[in-house]
Amino acid sequence: VSTPAWISFACRDALKISDGSMLRDAASLFAGHHRVHAVGINCTPPEFILPLIGEVRAGASDKPVVVYPNSGETYHTEDNSWSGVPCDLENDFNVNAWVESGAKLIGGCCRTSPADIYAISRRLVA
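Using this note's numbering, the first residue of the sequence shown is number -15, and each one after it goes up by one.
What follows is the structure, given as structure tokens:
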């Protein structure tokens, strides 16, 4: 298969992917891979994104970083429910800091809305 791809990881904190592995180590598996065009973070609370960008860059410094965090709520696999309060996009999606830290592709994952994505895009062009 010659289709270009990006790889992203759901993370449970500011260092580790969901299974407990270090993000830096997981990202390093794709450094230099010619069909992987970006490496990043998805479906992760926005509070962890900034330090995770540094972890991706440390593991795969040759790749652009992609980030698309979730709403900040917690998903429960046992009953397919969500709990917690959605983050405040204006205060918790620190888009400018993410860009300054190296994020090149930015979006939203679970429980973000088209309005949230629009607000992100407005902040990027402001």
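Where a beta carbon is used, it is the ideal one built from N, C-alpha and C, also for glycine. Keep in mind the model is a prediction, meaning the values are calculated, not measured.
What is the C-beta distance between Leu7 and Trp82, in whole angstroms, given that I count them as a contact (C-beta under 8 Å)?
Between Trp82 and Leu7 the Cβ distance is about 15 Å, and since that is not below 8 Å, they are no contact.
Which ranges would you report for the alpha helix (DSSP H) in the stretch 62 to 99 if only whole runs of at least 4 residues count?
73 to 76, 79 to 85
Helix, strand or coil, according to DSSP, for Gly24 in the structure here?
strand
Going by the beta-carbon positions, is the gap between Tyr52 and Asn75 smaller than 7 Å?
By the CB criterion at 7 Å, Tyr52 and Asn75 fall outside the cutoff.
Assign Ser(-8) to one of three DSSP states: helix, strand, or coil.
strand
Beta bridge counterpart(s) of Thr(-13) as assigned by DSSP
Bridge partners of Thr(-13): none, in fact.
So, at 6 Å on beta carbons, what are the nonlocal neighbours of Ala15 in its own chain, with the 5 sequence-adjacent residues on each side left out?
Ala44, Asp46
Tell me which residues share the same chain as Ser67 and place their Cβ nearer than 8 Å to its Cβ, disregarding the 5 neighbours each side in the sequence.
Glu57, Thr58, His60
Starting from the C-beta of Cys(-5), find all residues in its chain whose C-beta is less than 8 Å away, skip the five residues before and the five after it, and write them out in chain order.
Taken in chain order, the residues that qualify are Ile1, Ser2, Leu7, Ile25, Thr28, Phe32, Leu36.
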